[in-house]
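Asks: Protein chains in written order, with this note's numbering: chain S, 49 to 392; chain E, 4 to 136.
The C-beta atom is built at its ideal place from N, Cα and C for all residues, glycine as well.
Below are the C-alpha cells for one structure; questions will follow.
See the structure below:
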C-alpha cells in the first residue's frame, strides 16, 4: 500500500494523496497547459523533480544555496503596521525584501491621479528612509474608463448588443486616457525619486488594457531612460476583448507569456511578470506543473528579467488570504528550480 | 511579483527562494535587474565583481554584513549595529550608486535639489573597491 502524502489543493485545503496520484496530477497539469498553448510539456526529468518536491511531508521546501532569486515584493507597502512608509521599512528590515513597492489601496492609476501629490510625497519619504529599491505600483485598469465610472461608452454593454465597432472604438478611446494617466503618475513619481514603476495586472481588461500599458511604457522609457519599469500580467494569455489591436504590427489578443515578455521588452520594460491563474479544484502540484509549462519558454527567451507572479491565486499559490507555507515554499522552489527565472 | 501580497506569504517566499534583501545583497542585485534590465546571472556577476566577492556570497548575510559596512552600502539598523558615523538610507544609496556604477534616481534628485554639482569626496572603501574577506 502506498504512503499518503499531505499536500494541498489550490484553495488551500489540506488533502492526502499517494505518490502515484501526485504523479498523475503533475502529468495532467503539464498536458493541460501544453494542449491549450501548443508549448512543449515538461519532460520526465522535470516531472521527476517536481514529484520529489511534492512527495514530501516536510513543512518547508527551498532552493539550493546559491540559487536564490530577486523578490520584487509588489504590494509590500501595506498599512498593516503604522504608516505605509513604516511598513516598507518592516519589509526591508524584517522580511528580506529585495525590492519594495509603494501602493494605494485603490490600486488603479486613474484613482492615483487624483491623489498624486499625496502619493508622490510619500514616495519622497520612502526614498529618504529606504536603501532597498522602491517602485510605485498600480493597475492600468482600463475598465475604470468606461461608464458609469468613466467617460467612455461601456464595451461590456455594447458587445452583447452586437455593437462591435462601437465597443472597439470605446476601448481604443479608453486606452488613450489610461496611457495618459499612467505617464502622468510616472512623471510625478520619477520627480519624487522613485526607482521604478510597476504596471500590475496589465491586460486585466483584455488587449486594450495591455496596449495602453505598452504605449505608456514606451513614453515613460523615452522620458526616463534609467527608470525601472515592471509589467506584470493578469492571466496567462491576453484576452481579445477588442481582438484587432496590435503593437508594432503584432496582434496582442491571444499572446502567451513568451510573446508578452518580448513585446513588453520592445516597449521598454525592464522586468516582466507572467501570471498563470490557479484552478482551485485541482492540487497545487497540478497547478504548478501547468504554470511551469506555460512560462518555461518565456524564461528561456525573454530579453529582460522575468519575475513570475506568485501572490494569492497565481503561479500555483493557493487562492486564500493566508496561503500555507508548505504550499507557498514548494511553489517558490519548483518555479525557480525548473525555469531558472530571475525573480518572483 | 505578488510576493508582498497583504496578509500573504512574504516570509515563505523570502525563506524559500529570496536573496535576503539588505540582510545580504538582494537589494543590490535587484538594482541591476531594475536599472539595466540584466538577467539574474549577469546581475549577480556584475554585483559580485563590483564588491569583490564570489556570487555565492551574495546571499550570505555574514559575508555581506562586513562588505556592506566597509563600502558604506547600508545595513539593517538594529541596536548593537547602529553607529552614528555609518551612512543612513539616502547616504548609503550614494555609495550604492558609486560602487555599482549605476544611476539611482533618488540620489540624482537629492543632489539636484541641494544644488550640489561638485564631485563627492570618495570613501576609503570606494577608493579601494576590492574588498578582501
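To the nearest angstrom, how far is it from the Cα of residue 132 of chain E to the Cα of residue 44 of chain E?
Replies: For residue 132 of chain E, the predicted model reports a pLDDT of 49, less than 50, meaning its position is unreliable; a value from the coordinates is still stated below. Straight-line Cα distance between these residues: approximately 21 Å.
Asks: From the beta carbon of residue 142 of chain E, is the nearest beta carbon of chain S less than 8 Å away?
Replies: Residue numbering for chain E in the displayed model covers 4 to 136; residue 142 of chain E lies beyond these limits and cannot be assessed.
Asks: Taking just the CA atoms, how far does residue 19 of chain E sit from residue 172 of chain S?
Replies: In a straight line, the C-alpha of residue 172 of chain S is about 32 Å away from that of residue 19 of chain E.
Asks: Put residue 321 of chain S into one of helix, strand or coil per three-state DSSP.
Replies: Reduced to three states, the DSSP call for residue 321 of chain S is strand.
Asks: Using the Cβ count rule (16 or more neighbours within 10 Å means buried), how would you classify residue 157 of chain S?
Replies: By the neighbour-count rule (16 or more Cβ atoms within 10 Å), residue 157 of chain S is buried.
Asks: For chain E, check one thing: does any of its Cβ atoms lie closer than 8 Å to the Cβ of residue 70 of chain S?
Replies: Closer than 8 Å: no.
Asks: Note down, in chain order, every chain S residue with its Cβ under 9 Å from the Cβ of residue 103 of chain E.
Replies: Result: empty, since nearest Cβ-Cβ is about 11 Å, beyond 9 Å.
Asks: Quick one: which chain S residues come within Cβ less than 7 Å of residue 96 of chain E?
Replies: The answer, in chain order, is 179.
Asks: In the DSSP output, which residue or residues are listed as bridge partners for residue 185 of chain S?
Replies: Note: residue 185 of chain S sits in a beta bridge opposite S/246.
Asks: Here's the rule: buried if 16 or more other CB atoms are within 10 angstroms of the residue's CB, otherwise exposed. What is residue 119 of chain E?
Replies: Looking at its Cβ environment, which holds fewer than 16 other Cβ atoms inside 10 Å, residue 119 of chain E is exposed.
Asks: Report the residue from S/270, S/243, S/121 whose alpha carbon sits nearest the alpha carbon of residue 105 of chain E.
Replies: Checked all of S/270, S/243, S/121; the closest Cα to residue 105 of chain E is S/243.
Asks: Three Cβ pairs or more, each shorter than 8 Å: is that satisfied between the region 204 to 217 of chain S and the region 271 to 286 of chain S?
Replies: No, the region 204 to 217 of chain S does not touch the region 271 to 286 of chain S.
Asks: Name the chain E residues that come within less than 8 Å of residue 232 of chain S, Cβ to Cβ?
Replies: Neighbours of residue 232 of chain S on chain E: none; closest Cβ ~17 Å, over 8 Å.
Asks: Can you check whether the CB of residue 266 of chain S is closer than 8 Å to the CB of residue 315 of chain S?
Replies: Taking 8 Å as the Cβ cut-off, residue 315 of chain S and residue 266 of chain S qualify as a contacting pair.
Asks: Could you check what DSSP says for residue 214 of chain S in three-state terms: helix, strand or coil?
Replies: Here residue 214 of chain S sits in helix by DSSP.
Asks: In angstroms, rounded to a whole number, what distance separates the CA positions of residue 351 of chain S and residue 331 of chain S?
Replies: Rounded to the nearest angstrom, the two C-alpha atoms are 32 Å apart.
Asks: Let me confirm a value: residue 305 of chain S is counted as buried when at least 16 other C-beta atoms fall within 10 Å, else exposed. Which label applies?
Replies: Classification of residue 305 of chain S: buried, given that the 10 Å Cβ count is 16 or more.
Asks: When burial is assigned at 16 or more other CB atoms within 10 Å of the CB, is residue 420 of chain S buried or exposed?
Replies: In this structure chain S extends from 49 to 392, so residue 420 of chain S is not present and cannot be described.
Asks: Considering only DSSP beta bridges, list what residue 57 of chain S is partnered with.
Replies: Beta-bridge pairing links residue 57 of chain S to S/331.
Asks: Kindly identify the DSSP beta-bridge partner or partners of residue 355 of chain S.
Replies: Residue 355 of chain S pairs with S/391.
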